[in-house]
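Just so you know, we're using this note's numbering here: the sequence shown kicks off at 2 and counts up by one. All C-beta atoms, glycine included, are put in the ideal place defined by N, C-alpha and C.
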Amino acid sequence: MKKVRVFFSVIGALFFIVYMAVLIKATLFSFNEYVYGKSANLVLFDSIRLMWRSGDYYLIFKNIIGNIILFLPLGLLLPLIFRVFNSWRLMFVIGFGTSFVIEVLQYEYAKRIFDIDDILLNGLGAMTGLFIYKFFALLFRLMERPFTGKKKKK
């Protein structure tokens with residue numbers, strides 16, 4: 002089992018490096034057709050409400066689902082590489098903290114919007130990634146145990 006764990010850790014680390022490069026490119030160096038300069042949204046759900054009122058459902062889907070999916074690998078890969086990240090509290094801090102740092106950098110250097118809604122959705126994505134990791138980790142543990150048809154004694 003240790004060899005399998007090491008294998009998944011190495012593969013996870015390689016994917017994590019690629020993921021971080023894509024995340025930085027997508028958040029700090031990409032052109033966004035919907036942003037017209039540097040601004041900040043500090044009111045929770047304000048940008049989501051504005052998009053909803055616009056009736057642009059593609060934009061709503063792209064923003065909400067995109068922000069969640071963007072951080073899903075963070076919650077999935079970190080605990081795969083390092084067991085210490087298999088914690089809801091720690092992933093909460095890592096997910097929301099990483100998103101906060103990216104939003105500040107977007108605002109300051111990429112001249113884009115700092116959006117509290119993005120932080121919420123990105124954090125939700127990291128937590129969803131951890132949920133998926135925990136689900137599959139449980140599945141693998143259950144598959145490892147031999148099935149005897151008898152209840153395990155405590």
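In DSSP terms, what residue i is bridged to
i: Ile114; result: Ser40
Buried/exposed call for residue i, threshold 16 Cβ in 10 Å
i: Ile1; result: Outside the modelled stretch of the chain, which goes from 2 to 155, sits residue 1, for which no answer is possible.
i: Arg50; result: exposed
i: Gly96; result: buried
i: Ile25; result: exposed
i: Ala127; result: buried
Extent of the continuous alpha helix (DSSP H) to which residue i belongs
i: Val85; result: Here Val85 belongs to no alpha helix (DSSP H), and DSSP marks it neither H nor E.
i: Gly13; result: Lys3 to Leu29
i: Asp47; result: Asp47 to Ser55
Inter-residue spacing [alpha-carbon to alpha-carbon] between residue i and residue j
i: Ala27; j: Pro147; result: 45 Å
i: Tyr20; j: Phe9; result: 16 Å
i: Met52; j: Leu143; result: 44 Å
i: Lys4; j: Ile120; result: 37 Å
i: Ile103; j: Arg6; result: 31 Å
i: Arg113; j: Ser48; result: 14 Å
i: Ala41; j: Glu145; result: 50 Å
Answer yes if the region 11-27 comes into contact with the region 75-84, meaning at least three C-beta pairs across the two stretches below 8 Å, and no otherwise.
yes
Below 8 Å, can you find three or more Cβ-Cβ pairs linking the region 67-76 to the region 116-133?
yes
Whether or not the region 52-63 and the region 84-92 are in contact is what I'm after, with contact meaning three or more pairs of Cβ atoms, one per stretch, closer than 8 Å; do they touch?
no
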